[in-house]
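Enquirer: Start counting the sequence shown at 2; every next residue gets the next number (our numbering).
First the structure, which I've put down as structure tokens, then a few questions once you've had a look.
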Amino acid sequence: MNIKCLIVAASAALSCWNVFAEPVLVPAPRKMTVRSGVYCASVADVGSIEVQEMRDASLPPEGYRLTVTTGGVSVASADAAGAFYARQTLRQLAEGAATGAASAPLALPCVEIVDSPAYRWRGAHLDEVRHFFGKENVKRVLDLMAYHKLNVFHWHLTDDEGWRLEIPAYPELTRIGAARPNSWKRGGKPHKVGDRRVIDRNTESYGPYFYTADDVREILAYAAERHITVVPEIELPGHAGAAITAYPQFACMPEGARERIWDAGWGNTVDVFCAGNDETIRFLERVLDHVCELFPSKIIHIGGDECPRKRWKECPKCQARLKAEGLKETNDLQAWMTRHFAQYLEKRGRRIIGWDEILSGDVPRSAIGMSWRTSQKNGTGDKLTSGAEGARRGHDMVMAPHLLCYYDYRQELADDPFQYIGGHVPLEKAYSFDPCEGVAEEARAHVLGGQCCNWTEFTWNEHDLAWKMWPRTCAMAEALWTAPAPRDFWDFYKRMEVHRRRLISRGVNCAPLR
Ligand code: ACM
Ligand code: ZN
Numbered sequence: 002m003n004i005k006c007l008i009v010a011a012s013a014a015l016s017c018w019n020v021f022a023e024p025v026l027v028p029a030p031r032k033m034t035v036r037s038g039v040y041c042a043s044v045a046d047v048g049s050i051e052v053q054e055m056r057d058a059s060l061p062p063e064g065y066r067l068t069v070t071t072g073g074v075s076v077a078s079a080d081a082a083g084a085f086y087a088r089q090t091l092r093q094l095a096e097g098a099a100t101g102a103a104s105a106p107l108a109l110p111c112v113e114i115v116d117s118p119a120y121r122w123r124g125a126h127l128d129e130v131r132h133f134f135g136k137e138n139v140k141r142v143l144d145l146m147a148y149h150k151l152n153v154f155h156w157h158l159t160d161d162e163g164w165r166l167e168i169p170a171y172p173e174l175t176r177i178g179a180a181r182p183n184s185w186k187r188g189g190k191p192h193k194v195g196d197r198r199v200i201d202r203n204t205e206s207y208g209p210y211f212y213t214a215d216d217v218r219e220i221l222a223y224a225a226e227r228h229i230t231v232v233p234e235i236e237l238p239g240h241a242g243a244a245i246t247a248y249p250q251f252a253c254m255p256e257g258a259r260e261r262i263w264d265a266g267w268g269n270t271v272d273v274f275c276a277g278n279d280e281t282i283r284f285l286e287r288v289l290d291h292v293c294e295l296f297p298s299k300i301i302h303i304g305g306d307e308c309p310r311k312r313w314k315e316c317p318k319c320q321a322r323l324k325a326e327g328l329k330e331t332n333d334l335q336a337w338m339t340r341h342f343a344q345y346l347e348k349r350g351r352r353i354i355g356w357d358e359i360l361s362g363d364v365p366r367s368a369i370g371m372s373w374r375t376s377q378k379n380g381t382g383d384k385l386t387s388g389a390e391g392a393r394r395g396h397d398m399v400m401a402p403h404l405l406c407y408y409d410y411r412q413e414l415a416d417d418p419f420q421y422i423g424g425h426v427p428l429e430k431a432y433s434f435d436p437c438e439g440v441a442e443e444a445r446a447h448v449l450g451g452q453c454c455n456w457t458e459f460t461w462n463e464h465d466l467a468w469k470m471w472p473r474t475c476a477m478a479e480a481l482w483t484a485p486a487p488r489d490f491w492d493f494y495k496r497m498e499v500h501r502r503r504l505i506s507r508g509v510n511c512a513p514l515r
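Written out as structure tokens, the structure is:
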């Protein structure tokens, strides 16, 4: 050990970033053995540390073995993702030992870490419809996801309040659908007008905000470098308001649809895609063609949640479809659409995922359910298919129960300056998430993993977003990476006291721990 390194190691040992204490890692690794001694890298930047990399096919997918000795650093992994995650661990080891002097060489504790994820879908969702964050903020989310070994970015690109993806064949989607005539006021209080819940509005228009194909390619490349799959979501048949403002002819009741949707201001609109109109089906196929051209993900999200049936019941075309297809009731139209698009995408080598409503009818076993509901009553008249029930029936499932995974729900912070949609997900509750909870042993292989959902009705900008995502996304990352619950929340909490400072030093508007 040279004298400079000795000073670094000694000063680090005296600080709370003690190189001789257990290194602080989030998510926690599966197995870590700390040995005496440090490796003194001659560089100050962890990215420049020389690492001996090798492939070891005996390691699990995305797993790695990271060895730091006084002589250097080596990494074995079965695949490139494993090597990448070893690098993320190394980054945290180095940050744990940093003294704060930018030019100081890094002193890494000697460790052997053997690590691999518990789940293959470790996701974060972002709603860019209710508020739009833009390329640089999305990249920042991807950076932080990668740092915590999350690997699926679920990009919510269309909904009632906006259409955020340019589709060359349908320019009105972004010319009209990417803007709305007013926006919700920050700090505005939701209140009732009749039976409608509304929030004070700004009078100026919002948008148009959207991504071009080039923007998307840039984000996809950025995500791929970080071993993150981007799963785009195109909502159908409900939450289709923005598309209908652009092309009212694809709704059951085109007359006045645009005005009704713009006026609704809150909640999902009753105007949805017409299930009986062949032109609507062709439109959605062409949109999905473009999505398949752009996105390499083998899985495409088709939404499927909260589709009101009111218009379908009244619409002659929808009722004609019902008859022609031999369907029993209006509800079956959703399953008909789900089947249609599952088959359409399957021919293009893709598989559908949808919110758990898609499993209410007769849909192919290949359809993946995204479980979000925990209540029988969601007002759409269909039957609940819980995550556990979906897995029991043989569907692969991604778990995102709103009571644990919706980070637009309140944290438990005194004087929290940010607004929430409601609910209550403090850090400990977020940490208690177990995707396999309630799932029968024999169905657990169908649980792909889980994700946090970041809906943004009350999230106006990147500072609001970071506050709601962090530190709770650290809890999500650990729940999905480490072995099944019960996990030790207090051990996590103590590590988070250090890790939160790391996030803040990276400029993340991370909320306090509670
Ligand atoms: C949802 O929260 N409507 C999926
Ligand atoms: Zn219709």
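Note that CB positions come from ideal geometry on N, CA and C, so glycine has one too.
Keep in mind the model is a prediction, meaning the values are calculated, not measured.
Is the Cβ-Cβ distance between Ile245 and Asp272 less than 7 Å?
Expert: Here residue 245 corresponds to residue number 244 of the sequence shown, with the count starting at 1. Here residue 272 corresponds to residue number 271 of the sequence shown, with the count starting at 1. Yes, these two residues count as a Cβ contact at 7 Å.
Enquirer: Evaluate Asp492 with the Cβ neighbour count: other Cβ atoms within 10 Å of its Cβ, from every protein chain shown; 16 or more gives buried, anything less gives exposed.
Expert: As a position in the sequence shown, residue 492 is number 491, starting the count at 1. Label assigned to Asp492: exposed.
Enquirer: In angstroms with no decimal places, state the Cα-to-Cα distance between Trp18 and Ala42.
Expert: Here residue 18 refers to the residue found at position 17 of the sequence shown. Here residue 42 refers to the residue found at position 41 of the sequence shown. The predicted position of Trp18 is uncertain, since its pLDDT is 44 and thus under 50; a value taken from the coordinates is nonetheless stated next. Cα to Cα, the separation comes out at about 17 Å.
Enquirer: Would you kindly work out how many angstroms separate the C-alpha atoms of Met497 and Val27, rounded to a whole number?
Expert: On the sequence shown, residue 497 is found 496 positions in, with the first residue counted as 1. On the sequence shown, residue 27 is found 26 positions in, with the first residue counted as 1. Their Cα atoms are separated by approximately 8 Å.
Enquirer: Is it true that the region 350-365 meets the region 289-307, where meeting means three or more beta-carbon pairs spaced less than 8 Å apart?
Expert: They touch, by the three-pair rule.
Enquirer: How far does the beta strand (DSSP E) with Met400 in it reach, from first residue to last?
Expert: Against the sequence shown, residue 400 aligns to sequence position 399. That run of the beta strand (DSSP E) goes 398-400.
Enquirer: Please classify Trp482: does DSSP put it in a helix, a strand, or coil?
Expert: Indexing the sequence shown from 1 puts residue 482 at position 481. DSSP places Trp482 in helix when its eight states are reduced to three.
Enquirer: Tell me which residue opens and which closes the beta strand (DSSP E) that Leu67 is part of.
Expert: Position 66 of the sequence shown holds residue 67. Where Leu67 is concerned, the enclosing beta strand (DSSP E) stretches over 65-70.
Enquirer: Kindly indicate which residue of Ser75, Phe459, Leu504 has the alpha-carbon position closest to the one of Arg202.
Expert: The sequence position of residue 202 within the sequence shown is 201, counting from 1. The shortest Cα separation from Arg202 among Ser75, Phe459, Leu504 belongs to Phe459.
Enquirer: Using 10 angstroms around the beta-carbon of Glu226, count the other beta-carbons present and answer buried if the total reaches 16, otherwise exposed.
Expert: The residue you call residue 226 lines up with position 225 of the sequence shown. Answer is exposed; the Cβ neighbour count stays below 16.
Enquirer: Taking Gln412 as the reference, give the member of His425, Phe434, Glu219 with the closest Cα.
Expert: Residue 412 sits at position 411 when you count from the first residue of the sequence shown. Closest by alpha carbon: His425.
Enquirer: Check each candidate in Gly135, Leu151, Ala81, Glu113 and name the one with the smallest Cα separation from Tyr120.
Expert: For the purposes of this step, residue 120 is identified with residue 119 of the sequence shown, where counting begins at 1. Nearest C-alpha to Tyr120: Leu151.
Enquirer: With a floor of 3 residues, list each beta strand (DSSP E) that falls wholly inside the region 291-348, ordered by position along the chain.
Expert: The region 291-348 contains these whole beta strand (DSSP E) runs: 300-304.
Enquirer: Who are Tyr212's beta bridge partners in DSSP?
Expert: Locating residue 212 in the sequence shown gives position 211, counting from the first residue. DSSP, once it has assigned bridges, lists Leu166 as partnering Tyr212.
Enquirer: Do you know offhand how far Pro309's Cα is from Thr213's?
Expert: Along the sequence shown, read from residue 1 onward, the residue named residue 309 stands at position 308. Along the sequence shown, read from residue 1 onward, the residue named residue 213 stands at position 212. Whole-angstrom Cα-Cα distance: 30 Å.
Enquirer: What's the C-alpha gap between Asn428 and Glu330?
Expert: Position 427 of the sequence shown, counted from the first residue, corresponds to residue 428. Position 329 of the sequence shown, counted from the first residue, corresponds to residue 330. Note on identity: in this sequence residue 428 is Leu, with Asn being the wrong assignment. Rounded to the nearest angstrom, the two C-alpha atoms are 43 Å apart.
Enquirer: For Asp116, which beta-bridge partners are listed by DSSP?
Expert: As a working mapping, residue 116 is identified with position 115 in the sequence shown. In the DSSP output, where bridge partners are listed per residue, Asp116 has Tyr65.
Enquirer: CB of Glu307 to nearest heavy atom of the ligand ACM: below 6 Å?
Expert: The residue you call residue 307 lines up with position 306 of the sequence shown. Yes, Cβ of Glu307 sits closer than 6 Å to a heavy atom of the ligand ACM.
Enquirer: Report yes if the C-beta distance between His291 and Asp160 is below 7 Å; otherwise report no.
Expert: Here residue 291 is taken as the residue at index 290 of the sequence shown, counted from 1. Here residue 160 is taken as the residue at index 159 of the sequence shown, counted from 1. In this structure, Asp160 does not lie closer than 7 Å to His291 by Cβ.
Enquirer: My assumption, with CB atoms under 8 Å, is that His126 sits in contact with Asn462. Please give the rounded CB distance.
Expert: Looking up residue 126 in the sequence shown gives position 125. Looking up residue 462 in the sequence shown gives position 461. Not a contact, Cβ separation roughly 18 Å.
Enquirer: When we look at the beta-carbon of Lys469 and count the other beta-carbons within 10 Å, is it buried (16 or more) or exposed?
Expert: One-based indexing of the sequence shown puts residue 469 at position 468. Buried: at least 16 other Cβ atoms inside 10 Å.
Enquirer: Whose beta carbon lies closer than 5 Å to any heavy atom of the ligand ZN, going through the chain in order?
Expert: Spelled out in chain order, the answer is Cys253, Cys275, Gly277, Cys316, Lys318, Cys319.
Enquirer: Gly350 and Thr339 look like a contact to me (Cβ under 8 Å); what is the Cβ gap, rounded to whole Å?
Expert: As a first step, residue 350 is located in the sequence shown; it is residue number 349 there, counting from the start. As a first step, residue 339 is located in the sequence shown; it is residue number 338 there, counting from the start. Their Cβ separation, rounded to whole angstroms, is 18 Å, which puts Gly350 and Thr339 out of contact at 8 Å.
Enquirer: Of the residues Ser37, Ile168, Arg92, Ser59, which one's Cα is nearest the Cα of Ser49?
Expert: The residue labelled residue 49 in the question sits at position 48 within the sequence shown. The option with the nearest alpha carbon to Ser49 is Arg92.
Enquirer: Terminal residues of the continuous alpha helix (DSSP H) containing Cys406?
Expert: Translated into positions along the sequence shown, residue 406 becomes position 405. Its alpha helix (DSSP H) spans residues 403-406.
Enquirer: Which residue comes first and which comes last in the alpha helix (DSSP H) that contains Ser506?
Expert: Translated into the one-based positions of the sequence shown, residue 506 becomes position 505. Note, Ser506: alpha helix (DSSP H), 490-506.
Enquirer: Answer yes or no: do Asp116 and Tyr65 have a C-beta to C-beta separation smaller than 7 Å?
Expert: Mapped onto the sequence shown, residue 116 falls at position 115. Mapped onto the sequence shown, residue 65 falls at position 64. Yes, these two residues count as a Cβ contact at 7 Å.
Enquirer: Taking the alpha carbon of Ala480 as the point to measure from, which residue in Gly135, Arg515, Trp122 has its own alpha carbon closest?
Expert: For this step, residue 480 is matched to residue 479 along the sequence shown. That would be Trp122, whose Cα lies nearest to the Cα of Ala480.
Enquirer: In this structure, what does DSSP give as the bridge partners for His155?
Expert: Here residue 155 corresponds to residue number 154 of the sequence shown, with the count starting at 1. DSSP, once it has assigned bridges, lists His126, Val232 as partnering His155.
Enquirer: Considering only residues of the same chain and omitting the five flanking positions on each side of Met477, which have a CB-CB separation below 6 Å?
Expert: On the sequence shown, position 476 is the one that residue 477 refers to. For Met477, where only same-chain residues beyond five positions count, the Cβ hits under 6 Å are Cys453.
Enquirer: I'd like to confirm the pairing. Which residues does DSSP put opposite Val271 in its beta bridges?
Expert: Within the sequence shown, the letter at position 270 stands for residue 271. Val271 is not bridged to any residue.
Enquirer: Are the Cβ atoms of Pro110 and Val47 separated by less than 7 Å?
Expert: For the purposes of this step, residue 110 is identified with residue 109 of the sequence shown, where counting begins at 1. For the purposes of this step, residue 47 is identified with residue 46 of the sequence shown, where counting begins at 1. Contact flag unset, no.
Enquirer: Give a yes or no on contact between the region 400-416 and the region 362-369, applying the rule of three or more CB pairs nearer than 8 Å.
Expert: As far as the Cβ criterion goes, the region 400-416 does not touch the region 362-369, which means the pair count is below three.
Enquirer: If you compare alpha carbons, which of Phe211, Tyr410, Ala81 is closest to Ala179?
Expert: Looking up residue 179 in the sequence shown gives position 178. Residue Phe211 is the option with its Cα nearest to Ala179.
Enquirer: According to the Cβ coordinates, are Ala252 and Ala258 closer than 7 Å?
Expert: As a first step, residue 252 is located in the sequence shown; it is residue number 251 there, counting from the start. As a first step, residue 258 is located in the sequence shown; it is residue number 257 there, counting from the start. Going by C-beta atoms, Ala252 is nearer than 7 Å to Ala258.
Enquirer: Would you tell me roughly how many angstroms separate the C-alpha atoms of Ile262 and Gly242, rounded to the nearest one?
Expert: Position 261 of the sequence shown, counted from the first residue, corresponds to residue 262. Position 241 of the sequence shown, counted from the first residue, corresponds to residue 242. One C-alpha to the other measures close to 6 Å.
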